[in-house]
Amino acid sequence: MDWQGHNLHFSDHVIHYYGNGNVGKPALVFCHGFSDNGLCWHRVALRFTDQFDIYLLDARNHGQSSRGIASAEDMTQDLADVITALELEPVIAVGHSMGAGTVAALAADYPHLVAKMILEDPAWSDEDDTQKTKSMRKRAAGFAKYLEMIARLSDDQLLAMGRAQHPSWSLEDFPSWVQSKREVDGFALKGLIRSPWQTLIQNITCPTLLLYADETSDGIVQQKVVDQILSLNSCFQCKQITGAGHNLRREQFEAYITAIEAFLN
Numbered sequence: 008m009d010w011q012g013h014n015l016h017f018s019d020h021v022i023h024y025y026g027n028g029n030v031g032k033p034a035l036v037f038c039h040g041f042s043d044n045g046l047c048w049h050r051v052a053l054r055f056t057d058q059f060d061i062y063l064l065d066a067r068n069h070g071q072s073s074r075g076i077a078s079a080e081d082m083t084q085d086l087a088d089v090i091t092a093l094e095l096e097p098v099i100a101v102g103h104s105m106g107a108g109t110v111a112a113l114a115a116d117y118p119h120l121v122a123k124m125i126l127e128d129p130a131w132s133d134e135d136d137t138q139k140t141k142s143m144r145k146r147a148a149g150f151a152k153y154l155e156m157i158a159r160l161s162d163d164q165l166l167a168m169g170r171a172q173h174p175s176w177s178l179e180d181f182p183s184w185v186q187s188k189r190e191v192d193g194f195a196l197k198g199l200i201r202s203p204w205q206t207l208i209q210n211i212t213c214p215t216l217l218l219y220a221d222e223t224s225d226g227i228v229q230q231k232v233v234d235q236i237l238s239l240n241s242c243f244q245c246k247q248i249t250g251a252g253h254n255l256r257r258e259q260f261e262a263y264i265t266a267i268e269a270f271l272n
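Numbering of the sequence shown is given in our numbering, commencing with residue 8 and proceeding in unit increments.
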């Protein structure tokens, strides 16, 4: 399927998104993780294209959206502005990692805009503030080196690296993954710092599905965090995807889709 690309112009920035033009159906909005782009949802979105009006957003400093300093709060506001400008509310929102944080903040700050949401391994841990600050600095430094490294690779080299690092992914996932790495800006690192999730989720009132990875994988959300979430907010359902790491949908696609379909139905 050829997704239709569009630009939304705001006062000082542009947000780019892809859609299927299925106007009149319920809106299903996807928010990607750090260094991905909207098209990285292509394979998942195809499974829902007949039932929904789909929107695959490029976050600021990713894809074809604007460059420049943008905080996590700015990206939440961007999402709210897009939904409002296109008169989509209330939407079903899906987010992975950084995008899951954006979606969760949207549901907390703008409850009227979100009917349901699905969170794929958000960056929620049980670290204290000091540990969290250290982890974030370490992660940001690692991401900065990663961006420098991939900038030196040709597309073929980048593809070979991706396939070596992620042998369980479908070949369908790699074209958008390679493209996204050419479209991420260093300013994107500024959007990774967000307020504590424990406070955030107490303000969430919509039905929410949180999907998390195996304990022994590179997933971020651990069982003790899941237990905390369930004790803080009864709107949450939490499901572990066996055999998956941080990129749940890419590593256990069918189990991921089955979990989402069960939640939506």
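No residue lacks a Cβ here, since even glycine has one placed at the ideal position from N, Cα and C.
Since the model is a prediction, treat every value here as computed from it, not as a measurement.
For L93, the closest of Q244, K145 and H13 by C-alpha to C-alpha distance is H13. Take S72, set aside five residues on each side of it, and the residues of its chain with a beta-carbon closer than 7 Å to its own are V21, I22, H23, D65 and A66, in chain order. Where H103 is concerned, the enclosing beta strand (DSSP E) starts and stops at V98 to H103. Annotation: P214 to S241 spans about 9 Å, alpha carbon to alpha carbon.
Inter-segment contact for the stretch 39 to 52 and the stretch 180 to 187 is present: three or more beta-carbon pairs are separated by less than 8 Å. Contact check between the stretch 104 to 112 and the stretch 77 to 89: three or more CB pairs, one atom from each, fall below 8 Å, which counts as touching. Q247 is classed as buried because its beta carbon has at least 16 other beta carbons within 10 Å across all chains shown. Using a 10 angstroms sphere on the CB of M8, the tally of other CB atoms stays under 16, which defines it as exposed.
Pairwise C-beta distances place the stretch 138 to 153 out of contact with the stretch 24 to 35, as fewer than three of them are shorter than 8 Å.
Per the DSSP secondary-structure output, K231 pairs with nothing in a beta bridge. Under the three-state reduction of DSSP output, I76 falls in the coil class, being neither helix nor strand. One alpha carbon belongs to G31, the other to T140, and they sit about 44 Å apart. Unbroken alpha helix (DSSP H) runs of no fewer than 4 residues, entirely contained in the stretch 171 to 212, are found at 181 to 188 and 204 to 208, following chain order.
Taking the C-beta atoms as reference points, M124 is found no nearer than 7 Å to A115. In the three-state reduction of the DSSP assignment, T223 falls in the coil class, being assigned neither a helical nor a strand state. For secondary structure counted as the beta strand (DSSP E) over 3 or more consecutive residues, the stretch 101 to 164 holds these complete runs in sequence order: 121 to 127. In the three-state scheme derived from DSSP, where H, G and I count as helix and E and B as strand, A251 is classed as coil. In the DSSP annotation of this structure, A269 is not part of any beta strand (DSSP E); the continuous alpha helix (DSSP H) holding it starts and ends at F260 to L271.
Using a Cβ distance threshold of 7 Å, L120 and I99 do not count as a contacting pair. The beta-carbon separation of Q205 and L239, rounded to 7 Å, stays under the 8 Å limit for a contact. Counted as a single uninterrupted DSSP element, the stretch harbouring H23 is not any alpha helix (DSSP H) but the beta strand (DSSP E) occupying residues V21 to G26.
Considered as a whole, the stretch 31 to 69 harbours 34 to 38 and 60 to 64 as its complete beta strand (DSSP E) runs of no fewer than 3 residues, in chain order. In this structure, F59 places its C-beta atom within 7 Å of the C-beta atom of L35.
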